[in-house]
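Reading through the structure tokens given below for one structure.
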Amino acid sequence: MTTETLPQAPRTSRVGLAGFALGALALLVVCITFVAGPFAPQQAVGVSLGEIAAEAGKATLRNWLGQEQPAPEAAAWTIDRTLWMLGVVAGVLALLSGAVALLLHERRDVALWAIGLGVSAVLAQVLASTLMIIVGALVLCALIYALGDVLSFG
């Protein structure tokens, strides 16, 4: 029997299994963040909307008077922001690990599961963020519209 016909021993899927574990962790973090979050203390929605409206008014007044706008400030790192970043990073690492496992000819099913879990975690994070931004923009538009009706003199 030649060596070409001998069955090859299955290669261990270390990179693929690491990617699978990272993908599962990423998806778990993303789901926990959406279901149980936010974990950092949050102001009431009315307070946040009032602050946004007040800042918009101050910015408009500074613009009319020709004054400079204040310098932008970096957002603080909270547990929520850290979890969001952890979910995305673990998802991308799972995706990359799955791709590397495919390139190393490790078990195809494990590598594809790693890629699938990584893509799912990142996609869930992006879609949820987009949805939150759209809803937030709609709420701000409604607030501006309501303030326009209250402050109109016509």
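Per the working numbering, the sequence shown runs over residues 665 to 818. Where is the CB? At the ideal position from N, CA and C, for every residue including glycine. From a predicted model like this one, the values you see are computed outputs, not experimental measurements.
| task | Compute the distance between the beta-carbons of Gly882 and Gly680, then report whether it is under 9 Å. | result | What the structure shows of the chain is the stretch from 665 to 818, and residue 882 is not part of that stretch, so it cannot be assessed.
| query | What span of residues does the alpha helix (DSSP H) with Glu715 cover, start to end? | reply | 709 to 729
| query | Buried or exposed: which applies to Gln789, given that a residue is buried once 16 or more other Cβ atoms fall within 10 Å of its Cβ? | reply | Around the beta carbon of Gln789, 16 or more other beta carbons lie within 10 angstroms, which makes this residue buried.
| query | Taking C-beta to C-beta, are Gly755 and Ser793 nearer than 9 Å? | reply | no
| Extent of the continuous alpha helix (DSSP H) run through Trp741 | It is not in any alpha helix (DSSP H) - Trp741 carries neither H nor E in the DSSP assignment.
| Going straight from the alpha carbon of Ala700 to that of Ala763, what length do you get? | 31 Å
| field | Alpha-carbon spacing of Ala717 relative to Ile808, whole angstroms | value | 8 Å
| said: Rounding to the nearest angstrom, what Cα-Cα distance links Leu757 and Gly812 in this structure? | reply: 47 Å
| field | Per-residue DSSP class, three states only, for Gly800 | value | When DSSP states are grouped into helix, strand and coil, Gly800 belongs to the helix group.
| query | How would you label Ser761, buried or exposed, when you count the other beta carbons within 10 angstroms and need 16 or more for buried? | reply | buried
| Beta-carbon contacts of Ser677 that lie in its chain and below 8 Å, excluding the five residues immediately before and after | Ala765, Glu770, Arg771, Val774, Ala775
| task | Rounded to whole angstroms, what's the CA-CA distance from Ala806 to Gly800? Just pull it up for me. | result | 10 Å
| task | Measure from the alpha carbon of Leu692 to the alpha carbon of each residue in Leu747, Gln731, Pro705, Arg726, then state which is nearest. | result | Leu747
| query | If you drop the 5 nearest sequence neighbours on each side, which residues of the same chain put their C-beta closer than 6 Å to that of Val694? | reply | Gly751, Ala785, Ala788, Gln789
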